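Notes follow the structure.
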Amino acid sequence: MKKIVYLMEYPIDLPGGAQMSTLSVCEGLSAHPEYGYEAVVICPKLLKHTVSDYSFKIREYPMGESRIRNLFIRIRAFKEIISEEKPELIHIEMSESLITYGFIRKRFKEIPFVYTDRGLLFGYRKRSRLFMDPVLKEASALVTTTGFNKSLWEKGSSIRPIRVIPNTIADKYFGEYDPEKRKDHEKLVIGLAGRICVEKDWPFACDFIEGLASSGVNFKVSIVLSTFEKGDDAQVEMILGRIKKAVGEENLEYRLNISQEEMSEFYYGVDIFLMTSRFESFGKAAVEAMSRKCVIVSTSVGGLPEVVGLSYNLYTKEDMFRGIGCIRVLDGDRKKLESEREYFYSRYKENYTEETYIERHISLYDEYAG
Numbered sequence: 262m263k264k265i266v267y268l269m270e271y272p273i274d275l276p277g278g279a280q281m282s283t284l285s286v287c288e289g290l291s292a293h294p295e296y297g298y299e300a301v302v303i304c305p306k307l308l309k310h311t312v313s314d315y316s317f318k319i320r321e322y323p324m325g326e327s328r329i330r331n332l333f334i335r336i337r338a339f340k341e342i343i344s345e346e347k348p349e350l351i352h353i354e355m356s357e358s359l360i361t362y363g364f365i366r367k368r369f370k371e372i373p374f375v376y377t378d379r380g381l382l383f384g385y386r387k388r389s390r391l392f393m394d395p396v397l398k399e400a401s402a403l404v405t406t407t408g409f410n411k412s413l414w415e416k417g418s419s420i421r422p423i424r425v426i427p428n429t430i431a432d433k434y435f436g437e438y439d440p441e442k443r444k445d446h447e448k449l450v451i452g453l454a455g456r457i458c459v460e461k462d463w464p465f466a467c468d469f470i471e472g473l474a475s476s477g478v479n480f481k482v483s484i485v486l487s488t489f490e491k492g493d494d495a496q497v498e499m500i501l502g503r504i505k506k507a508v509g510e511e512n513l514e515y516r517l518n519i520s521q522e523e524m525s526e527f528y529y530g531v532d533i534f535l536m537t538s539r540f541e542s543f544g545k546a547a548v549e550a551m552s553r554k555c556v557i558v559s560t561s562v563g564g565l566p567e568v569v570g571l572s573y574n575l576y577t578k579e580d581m582f583r584g585i586g587c588i589r590v591l592d593g594d595r596k597k598l599e600s601e602r603e604y605f606y607s608r609y610k611e612n613y614t615e616e617t618y619i620e621r622h623i624s625l626y627d628e629y630a631g
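Okay, structure coming up:
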């Protein structure tokens with residue numbers, strides 16, 4: 262068995278795109294020993310789980326309060342654990358872990374490594390690039406989650422080669438589609454979901470719902486919000502207040518801070534999943550919705566056009582009424598709505614399943630491991 266070490270600066274049980282994606286590939290490797298790879302994750306101490314909860318090996322290290330102190334803790338932990346594990350390949354999943362690895366790279370120069378950029382190139386500060394680029398020039402490969410981000414790296418750097426491996430969603434929660442859970446609605450159900458953060462642009466989401474209601478469409482709103490920071494509760498009140506005023510309290514269903522299992526159920530009750538983000542590197546929520554046969558109507562930002570694929574269902578903040586028009590058409594033509602549901606589900610099955618994700622990583626590892 263060839264060993265692959267994954268370097269992370271956050272616990273793998275902390276909810277997040279990089280953690281969930283790493284979990285998917287590590288569980289896939291442990292479930293299929295015929296691939297010939299053993300996964301070892303090096304990350305800070307787990308939050309709610311123990312290492313025995315996982316089917317693959319986890320090596321924990323402590324994490325302090327100070328960012329500078331944490332850098333030195335990571336340097337020491339990465340150096341000691343990599344020396345003990347002696348992997349054939351190192352896979353770095355987060356930017357601070359990449360910067361940390363740069364300080365000890367010479368010690369392990371005989372071990373090939375790859376880095377997955379789960380954001381977009383222009384999301385990095387100049388100071389971060391100053392530390393990242395010299396390390397990346399020694400990487401066996403840079404992996405991006407969209408062709409869009411690959412093109413940004415090709416234009417904005419000399420880093421090569423660059424591979425594209427789209428993100429996935431957890432098969433554990435979004436596996437087999439259950440047609441019994443998908444119900445027809447007399448009133449169109451518009452779904453919204455996400456964290457309270459600037460990138461999701463919730464004030465604009467309210468503008469869109471108000472504009473859609475004013476256009477004459479009779480619909481319900483089902484929304485899931487996640488709070489984390491101080492002040493988020495006030496934002497939730499603002500969002501729910503504006504949507505209630507637009508569609509009526511009887512046409513609003515909302516939930517807060519629900520689990521991945523509950524999110525999977527949520528999408529079954531949605532006809533059209535609306536995305537109003539001002540920034541998305543990939544857009545995992547769109548893929549989650551696709552897996553439950555939702556139609557996606559989305560802002561044309563970051564990697565979303567590549568994920569959505571249907572240009573008519575994309576709009577800009579400046580041309581909100583293009584998105585409203587798209588929903589009006591689907592509301593008036595339920596056969597078209599059904600056809601688009603099938604299109605998005607097929608798109609998910611062809612491009613974003615966990616099985617496809619693992620196969621693409623095996624191909625990457627076969628090329629570079631050892």
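Note that this note's numbering gives residue 620 to position 359 of the sequence shown, counting from 1, and the numbers run on in steps of one.
For glycine and all other residues, C-beta sits at the position ideal for the given N, C-alpha and C.
In this text the structure is predicted, and so the values were computed from the model without any measurement.
Residue i, buried or exposed, once every other Cβ within 10 Å from all chains shown has been counted against 16
| i | result |
| --- | --- |
| Ser525 | buried |
| Gly563 | buried |
| Thr283 | buried |
| Leu575 | buried |
| Pro464 | exposed |
| Gly289 | buried |
| Tyr618 | buried |
| Asp580 | exposed |
| Arg553 | buried |
| Val375 | buried |
| Tyr528 | buried |
| Pro348 | buried |
| Lys448 | exposed |
| Met236 | Examination of residue 236 is not possible in this model, given that the chain is present from 262 through 631 alone. |
| Glu601 | buried |
| Ala292 | exposed |
| Lys461 | buried |
| Gly325 | exposed |
| Gly297 | exposed |
| Phe339 | buried |
| His352 | buried |
| Glu523 | exposed |
| Phe489 | exposed |
| Phe409 | buried |
First through last residue of the beta strand (DSSP E) which encompasses residue i
| i | result |
| --- | --- |
| Ser487 | 480 to 487 |
| Arg320 | 318 to 322 |
| Pro305 | 298 to 305 |
| Tyr515 | 513 to 517 |
| Met536 | 533 to 536 |
| Val266 | 263 to 268 |
Beta-bridge partners of residue i, as assigned by DSSP
| i | result |
| --- | --- |
| Val375 | His352, Ala402 |
| Gly472 | BP columns for Gly472 are empty, so no partner. |
| Tyr576 | Thr560 |
| Gly455 | Leu486 |
| Arg424 | Val404 |
| Val450 | Lys481 |
Best match in the options for proximity to residue i [C-alpha to C-alpha]
| i | options | result |
| --- | --- | --- |
| Lys264 | Val396, Pro276, Glu599, Pro373 | Pro373 |
| Thr361 | Glu270, Tyr298, Ser313, Tyr438 | Glu270 |
| Tyr606 | Glu471, Leu413, Val556, Leu308 | Val556 |
| Ile470 | Glu321, Lys505, Cys287 | Lys505 |
| Lys433 | His446, Thr614, Gly584 | Thr614 |
| Leu332 | Glu601, Pro305, Thr405, Glu498 | Pro305 |
| Ile426 | Thr377, Ile457, Thr537 | Thr377 |
| Lys309 | Ile519, Thr577, Leu391, Leu275 | Leu275 |
| Gly711 | Gly492, Asn479, Leu517, Val531 | Here the chain covers residues 262 to 631 and nothing more, so residue 711 does not appear. |
| Cys587 | Tyr629, Glu460, Glu541, Phe534 | Phe534 |
| Ser520 | Ser542, Ser487, Asp494 | Ser487 |
| Glu603 | Glu346, Arg443, Tyr629, Val459 | Arg443 |
| Leu307 | Lys318, Lys367, Glu299 | Lys318 |
| Glu345 | Ser358, Val312, Ile303, Leu359 | Ile303 |
| Arg379 | Val396, Ser389, Gly278, Tyr322 | Gly278 |
| Leu359 | Gly593, Lys597, Leu391, Ala466 | Leu391 |
Start and end residues, alpha helix (DSSP H) containing residue i
| i | result |
| --- | --- |
| Met281 | 278 to 292 |
| Tyr606 | 595 to 612 |
| Arg621 | 615 to 629 |
| Val548 | 545 to 551 |
| Arg390 | 387 to 397 |
| Lys566 | Before going further, note that residue 566 is Pro rather than Lys in the sequence given. Unbroken alpha helix (DSSP H) run through Pro566: 565 to 569. |
| Tyr434 | 432 to 435 |
| Val634 | In the structure as shown, the chain begins at 262 and stops at 631. Residue 634 is therefore absent and cannot be evaluated. |
| Tyr529 | 521 to 529 |
| Arg335 | 328 to 346 |
| Lys505 | 493 to 508 |
Residue i beta carbon near the ligand COA (any heavy atom closer than 8 Å)
| i | result |
| --- | --- |
| Lys554 | This structure simply doesn't include the ligand COA, nor any ligand for that matter. |
Do three or more CB pairs link the region 477 to 495 to the region 447 to 454 at distances below 8 Å?
-> yes
Between the region 544 to 554 and the region 498 to 517, do at least 3 Cβ pairs fall closer than 8 Å?
-> no
Please determine if the region 437 to 445 and the region 611 to 627 are in contact, where contact requires at least 3 C-beta pairs separated by less than 8 Å.
-> no
Taking one C-beta from the region 407 to 423 and one from the region 497 to 504 each time, how about it: are there three or more such pairs within less than 8 Å?
-> no
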